[in-house]
Amino acid sequence: MAEVKINDLMEKIVSLCKRRGFIYQSSEIYGGINGFWDYGPLGSELKRNVRELWWQAMTRFRDDIVGLDATIIMHPKIWEASGHVSTFADPMSTCKVCKKLIRTDQVWEIINDSEWGRTLSGFFSNGALDEEKLLQWVHHRGHRQVPGLALVKNPNEVVKALKSAIAGNKDLSPQEFFKIIATNPSAYTSLITPCPYCGGELTEPRMFNLMFKTHVGPVADEENVAYLRPETAQAIFAQFKNILETSRQKIPFGICQIGKAFRNEVTPRNFTFRSREFEQMELEFFIRPDEVVEKLAGKVAKWSEGADVSQPQPDWGWEMWHRHWVEERVKWYESIGLSRDTFELYWQQKEELAHYARACVDIQFKFPFGTQELEGIAARGDFDLTQHQKFSGKSMEYFDEEAKARYVPHVVEPSAGVDRLVLALICNAYSEDEVPDESGKLEQRVVMRFHPRVAPIKVGVFPLLKNKPQLVQKAKEVREMLRPYMSVFYDEAGAIGRRYRRQDEAGTPFGVTIDFDTLGETNSLKDTVTVRDRDTLKQDRVKIDELVHYLMERIK
RNA sequence: GCGGGUGUGGUUCAAUGGUAGAACGCGGGCUUCCCAAGCCUGAGACGAGGGUUCGAUUCCCUUCACCCGCUCCA
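If you want this note's numbering, it's the position in the first sequence, counting the first as 1, plus 220.
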């Protein structure tokens, strides 16, 4: 298997992606654009396969999930209801001394919780200052804890300013107090906000807006501001009623969607892992609230280690459904070639959960640059539908015939990133091994070991020689024969070994070669071809008549 | 957004104040060619913009992108 230094591995993968046409930088001829990536010929096939397999698993193989394909730009109220307008814009400041980036709205909280903040507050209470202790602290702890603080750098002047401020205003607030001790009176005309980590001066807050903004209609003014969706999920909630009316589904059922989303990330990093334009595959699975389940089934099933969550049961509440979806999703990842040991399940702790979430599991893949999230599976209660009910004034309630009850459904949300998954598949597939060349000497080989289900090209078809018309013609016949069933790549250029290697880097699992035996040079082998396996390098002699079946068995 | 590093054919690298070389890869040709063989042959680069200079890929400034760290990841 791969013996690759972690440090170089990502660089090798990035360069292979470009060399073989998986992923290019967007707008590269103009110098590229930060956070945007394009998929080339092989990458687009790979990504298409991923989407296709997810969609099939969600809709075609289940009766209880239907699809949606909604617009990227939606009514701006949607993002007010979802909370994105308020939570996606953060004021940020940078410390001019220690260069840390800090959310401005958290500065005072961090100072109040800090050791130096608590200590200094202690010296100033009820409008009285303990000057002696203060100066003692400056000379001992202060230099170490907050070297950038004006009080530490210039204690005499700052204490003077502090005393005159106290004299003028007995009810100095903690913030005013901290601002004064952070400001060097001779160097500044106004008070500064101190950095919680070093006491240095913070820059003016700047807004970091994570949503892309645009305008609907030709005139760009505040009236017609709209946003590119930062997630696909909200469209599902917004269309919940329509789908309920038209799909003849009953709760529990799900709505799924694949589509682009946009986030103005502060720092896009790690190749395509965190991009500003990306694609999501999301399912919202609507279930009965636990009270309704209890009323109908008499109890709500409790989850315990080893419980069977494979087949939905009438007594399942949100917890069992959540477990069910975790299991379903894990199985799906395994089905496309990510073995269980390549990822981890991370159960978010109570204090990490968003206020409306009851549980959230991250499925994390072990990338070369760290273990990172591919998918989050959250139990979100009825938060989203209730919010849209509130903001739109339209009822989101469902009338449950069986329970004779009206309620806002609860939801379990498996939400996956397509681009992250494609990157994970690429990282997972990349390997280097050694194969013997024609003289038997071992040579290094780069091979993408994609699962045949996701491989961009399923089979390469090669005439052994391109200057023998009979070989070429037969090879083209075989190509035409296979085309309706799978993606085929025909190649006649270069030595046969070279063509095999080219397909190894593309991750093509099978190579079919038409040789002189195919044409009948050895009578018993007439109308047979060799099928070369990417991973084992073994060759099978297969009758052309049986080739479709042979390959379909192995790529399905 | 801050700090550090890096930008030369598709990829990986080299050299140089007088406009660039290689290896591999790619295209064409020859070869009964099954794991990147050989021979012939062809195409292809100084991230972008400005400045200094007679002349800049090289020096300076700006900018863009990538990598590492900080931060962010609802």
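Every residue, glycine too, gets a C-beta built ideally from N, C-alpha and C.
- Going by C-alpha positions, Ile764 is about 7 Å away from Val749.
- Within the segment 429-469, the complete beta strand (DSSP E) segments of 3 residues or longer fall at 433-435, 445-447, listed in chain order.
- Under DSSP, Tyr710 shares a beta bridge with Val681.
- For Phe611, the uninterrupted alpha helix (DSSP H) segment begins and ends at 603-612.
- Under the Cβ criterion (8 Å, minimum of three pairs), the segment 655-663 does not count as touching the segment 296-306.
- Using a Cβ-Cβ distance cut-off of 8 Å, the segment 429-442 and the segment 583-591 are not in contact, since fewer than three pairs of beta carbons, one from each stretch, lie closer than that value.
- In the three-state DSSP reduction, Glu511 falls in the helix class (H, G or I).
- Per DSSP, the continuous alpha helix (DSSP H) segment holding Glu335 begins and ends at 335-343.
- Distance from the CA of Glu485 to the CA of Glu335, rounded to the nearest whole angstrom, comes to 32 Å.
- When the five nearest sequence neighbours on each side are left out, the beta carbons in the same chain lying within less than 8 Å of the beta carbon of Ile285 are those of Met278, Thr279, Phe473, Gly474, Ile475, Cys476, Leu503, Phe505, in order along the chain.
- DSSP, read as helix, strand or coil, puts Thr728 in coil.
- The segment 611-651 is shown to contain whole alpha helix (DSSP H) runs of 4 or more residues at 638-649, in chain order.
- Under the 10 Å beta carbon count, Tyr250 is surrounded by fewer than 16 other beta carbons and is classified as exposed.
- Within the same chain, Cβ atoms closer than 8 Å to the Cβ of Lys519 are found at Asp535, the five residues on either side in sequence being excluded.
- Relative to the Cα of Ala527, the nearest Cα in the group Ala348, Leu516, Trp541, Glu514 belongs to Trp541.
- Only exposed fits Arg761, as fewer than 16 other CB atoms lie within 10 angstroms of its CB.
- For Lys696, the enclosing alpha helix (DSSP H) starts and ends at 689-702.
- Annotation for Arg752: the continuous beta strand (DSSP E) segment containing it runs 748-753.
- Between Thr738 and Lys694 a beta carbon distance of about 6 Å is seen, short of the 8 Å cut, so the two are scored as contacting.
- When DSSP states are grouped into helix, strand and coil, Asp258 belongs to the strand group.
- The beta carbons of Pro311 and Asp325 sit closer together than 8 Å.
- Looking at the DSSP output, Gln759 shares a beta bridge with Arg752.
- Counting along the chain, the unbroken alpha helix (DSSP H) around Asp765 starts and ends at 764-775.
- For the 8 Å CB-CB criterion, Lys461 and Lys614 form a contact.
- Here Asp711 is near Arg722, since their CB atoms are less than 8 Å apart.
- Between Val768 and Tyr720, the gap from beta carbon to beta carbon reaches 8 Å or more.
- For Met540, the three-state secondary structure derived from DSSP is helix.
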